[in-house]
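*Asks:* Structure incoming, see below.
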Ligand SMILES: Nc1nc2c(ncn2[C@@H]2O[C@H](COP(=O)(O)OP(=O)(O)O)[C@@H](O)[C@H]2O)c(=O)[nH]1
Ligand SMILES: [Mg+2]
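In our numbering, the protein residues as written are 307 to 698.
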C-alpha cells in the first residue's frame with residue numbers, strides 16, 4: 307500500500323463546517339483513528355492526509371480539512387489552506403447537517419467550476435430529525451442527491467463507498483477514443499431484425515455515427531447480409547468495422563484482414579463503463595458450471611421480444627455452453643440487487659439508457675462485493691472466442 311506514490315493516488319477531500327463530522331466520517335470509512343474528532347471547533351486546523359486502500363478504488367488519499375467556518379485560524383490563512391486542498395482534489399465530499407446555506411453553495415460552485423465531482427453527504431443522520439425533508443431541500447437547492455450517513459452508526463457508508471468508487475472511475479471519454487483517425491472509413495454492420503425498433507436506429511448507433519462524422523470519418527452502413535456488397539463497393543478495406551455484437555461471429559468471418567473489428571456494445575462498455583473490469587469479469591466465463599448463478603441486468607424496460615438479446619439470446623448461449631440447469635436471474639430497469647454475493651457473474655447490458663455514473667455505481671457495487679461483472683458485448687465476444695481479436 308505504501309508503494310503507490312502519493313501523486314498517483316486518488317485524492318478524496320472532505321469539506322464542511324466545523325463539527326459537521328468530517329473527521330468522524332474519515333475514521334468510519336477507514337476503520338482507523340486517523341483524524342482527531344472533537345466537538346471543540348478548530349480541532350482540525352491543518353489539512354490531514356492519510357494514504358489508504360479503499361475497496362474498488364485502490365490507492366487513495368483521504369484529506370481532512372478545517373471547517374470553512376473555523377474562526378480559530380485566521381480567515382485568510384484558512385481559505386489559502388483549503389484552496390490548496392481543492393487544487394489537488396479528485397473527488398470532493400461535502401458534508402451537510404441541519405445547518406447549511408451560502409457556504410455550501412459557494413463551495414459547490416467552486417467544485418463545479420473546476421469540474422471536480424462532488425458527493426453530498428447528509429452527516430450525522432442518526433441524530434437529525436426530518437432527514438427526508440433535509441435531503442429533499444438539499445437536492446432541490448444544489449441539484450446534488452445527498453447520501454444520508456452516520457459515522458457513529460455506520461449507516462450510509464456502503465452507499466458512500468459506492469459513490470466514491472464510481473466517481474473515481476469516471477474520466478472524460480469519447481466513444482471512439484483511440485480507435486479512429488480523421489479520414490478513416492468505418493463500416494457499420496447493423497442487422498435490423500425483430501428486436502430492432504421500428505423506423506429508427508438505436509441510441510448507441512446514432513451517437514456513434516454522429517461522433518464519426520464529427521471526427522471527419524467516412525461512414526458506410528450495411529446489414530449482415532449486405533456486408534459482402536458493402537465491402538465490394540469500397541476501394542480499400544475499411545479501417546474499422548463496428549458491428550452489432552449479436553452477429554460478431556458472422557462479421558468476423560467476412561472481415562478483411564486489414565480491417566479492425568469492434569462492436570457497439572464494446573464501444574459503450576468503454577465509454578460508459580469500465581472496460582478493464584468487464585474484460586476481467588469475462589474471464590469468469592471459463593469457470594462457470596451448470597451449478598453457477600448468473601445475473602443478467604438490463605437497463606431497458608421495453609416489451610420483451612422473441613429475439614431479445616438479454617432475455618432470450620444470451621441465456622440460450624450460456625445454457626448451451628454451461629448446461630441447461632444454469633441458474634439465470636434477469637432484472638431490468640432500475641432493479642439491481644443490493645446484495646450480489648449470491649452470483650458468480652453479473653452480465654450488464656450496454657446501458658444506452660443509463661448515464662455513465664449509473665453504470666459505474668453498479669460496477670462499483672459488484673467490485674466492492676468481489677463479484678465479477680461484465681457486459682453483453684464482451685460476453686458474446688468471449689463466448690464466440692474472439693475477445694482477444696477485437697479492439698477495446
Ligand atoms: N450522533 C452523531 N454524532 C457525530 C457523528 N459524526 C460526528 N459526530 C460528533 O460531532 C462532533 C464533531 O465531529 P468531528 O468529526 O470532529 O467534526 P469535524 O469538525 O467536521 O471534523 C463530535 O462530537 C462527534 O462525536 C454522527 O454520525 N452521529
Ligand atoms: Mg475535524
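Beta carbons: idealized from backbone N, C-alpha and C, even for Gly. Since the model is a prediction, treat every value here as computed from it, not as a measurement.
From this set, 530, 539, 535, which residue's C-alpha is nearest residue 249's C-alpha?
*Replies:* Any answer about residue 249 is impossible in this case: the structure gives the chain only from 307 up to 698.
*Asks:* If you drop the 5 nearest sequence neighbours on each side, which residues of the same chain put their C-beta closer than 6 Å to that of residue 417?
*Replies:* For this step, residue 417 is matched to residue 111 along the chain shown. Only 398, 424 meet the Cβ criterion.
*Asks:* What residue range is occupied by the uninterrupted beta strand (DSSP E) comprising residue 403?
*Replies:* If you number the chain shown from 1, residue 403 lands on position 97. It is not in any beta strand (DSSP E) - residue 403 carries neither H nor E in the DSSP assignment.
*Asks:* Tell me whether residue 692 sits in a helix, a strand or coil according to DSSP, three-state version.
*Replies:* Along the chain shown, one-based indexing puts residue 692 at 386. DSSP places residue 692 in coil when its eight states are reduced to three.
*Asks:* Drop a sphere of 10 angstroms on the beta-carbon of residue 534, count the other beta-carbons inside from all chains shown, and report buried for 16 or more, exposed for fewer.
*Replies:* Counting from 1 along the chain shown, the entry for residue 534 is found at position 228. Result: exposed.
*Asks:* Taking all protein chains shown into account, decide if residue 678 is buried (16 or more other Cβ within 10 angstroms of its Cβ) or exposed.
*Replies:* Translated into the one-based positions of the chain shown, residue 678 becomes position 372. Flag for residue 678 reads buried.
*Asks:* Taking the beta carbon of residue 587 as the centre, do at least 16 other beta carbons fall within 10 Å, making it buried, or is it exposed?
*Replies:* In the chain shown, the residue the question calls residue 587 occupies position 281. It is buried - the Cβ of residue 587 has at least 16 other Cβ atoms within 10 Å.
*Asks:* Secondary structure at residue 320, three-state DSSP: helix, strand or coil?
*Replies:* Taking the first residue of the chain shown as position 1, residue 320 is located at position 14. The answer is strand: DSSP assigns residue 320 an E or B state.
*Asks:* Whole-angstrom Cβ separation of residue 402 and residue 435, contact assumed at under 8 Å?
*Replies:* Taking the chain shown and counting its residues from 1, the one referred to as residue 402 is at position 96. Taking the chain shown and counting its residues from 1, the one referred to as residue 435 is at position 129. Residue 402 to residue 435, Cβ: 15 Å. No contact.
*Asks:* Alpha carbon to alpha carbon, what distance is there between residue 508 and residue 319?
*Replies:* Taking the first residue of the chain shown as 1, we reach residue 319 at position 13. Taking the first residue of the chain shown as 1, we reach residue 508 at position 202. Going from the Cα of residue 319 to the Cα of residue 508 covers about 40 Å.
*Asks:* For residue 451, which of helix, strand or coil comes out of DSSP?
*Replies:* Within the chain shown, numbered from 1, the residue matching residue 451 stands at position 145. In this structure, residue 451 counts as coil in the three-state DSSP scheme.
*Asks:* I want to check one thing, is the minimum distance from the CB of residue 431 to the heavy atoms of ligand 1 below 8 Å?
*Replies:* For this step, residue 431 is matched to residue 125 along the chain shown. Under cutoff, so the answer is yes.
*Asks:* DSSP has residue 681 in a bridge; who is on the other side?
*Replies:* By one-based count along the chain shown, residue 681 stands at place 375. According to DSSP, which records beta bridges pairwise, residue 681 is partnered with 654.
*Asks:* CB of residue 372 to nearest heavy atom of ligand 2: below 8 Å?
*Replies:* Residue mapping note: residue 372 aligns to position 66 of the chain shown, counting from 1. Under cutoff, so the answer is yes.
*Asks:* Look at the Cβ atom of residue 472, then the Cβ atom of residue 316, and state whether they are nearer than 9 Å.
*Replies:* Along the chain shown, read from residue 1 onward, the residue named residue 472 stands at position 166. Along the chain shown, read from residue 1 onward, the residue named residue 316 stands at position 10. No, Cβ-Cβ distance for residue 472 and residue 316 is not below 9 Å.
*Asks:* Residue 571 and residue 510 - do their beta-carbons sit closer together than 9 Å?
*Replies:* The residue labelled residue 510 in the question sits at position 204 within the chain shown. The residue labelled residue 571 in the question sits at position 265 within the chain shown. Yes, the pair counts as a contact, with Cβ atoms nearer than the cut-off.
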